[in-house]
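Residue numbers (full-length UniProt numbering): 1 to 165. We treat Cβ as the ideally placed atom computed from N, Cα and C, and that holds for glycine. Quick notes on the structure that follows.
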């Protein structure tokens, strides 16, 4: 019997062969783009002691360097990501500006919509998978598909942690 989801089978193979944290992040990056689309992808991990998230993977290192951090965001974004534990979608630069400090940079890259997919471990946000594309790109169907990435996101996060040790 063949898998009805070849992208997930490929993710499983790539994650199983990963030898570095970057390999694990690259595997979830590929699965995310194949599942929901997107031209910019990053991973942020939460530091609960410092109340910031740190970027650990990015497709755009010049605009969004790995040294980048963002303070926890007590907005409706936090409500969706942390409390409701479901993907957050903003489909215009105006919606992005309500919760993120960099809508001008996002727009300058030809982007205007975002999905943030929560990675929950130990009953709290461990991080987010972040994928951006043009305005109105993230249809209800793509947003629903993003929910399918929550479990693979956990697997990639755990693999990256183990591979970083």
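In this structure residue 67 is exposed. Its beta-carbon is surrounded by fewer than 16 other beta-carbon atoms within 10 angstroms. For residue 28, DSSP assigns no beta-bridge partner whatsoever. Excluding its 5 nearest sequence neighbours in each direction, residue 89 has C-beta neighbours in its own chain below 6 Å: 115, 138, 143, listed in chain order. Here the alpha carbons of residue 78 and residue 51 stand approximately 13 Å from one another. Contact check between the stretch 152-160 and the stretch 104-113: fewer than three CB pairs, one atom from each, fall below 8 Å, which does not count as touching. When DSSP reads this structure, residue 114 sits in a beta bridge with 90, 132. Annotated as proximal: residue 7 and residue 34, with beta-carbon spacing under 8 Å.
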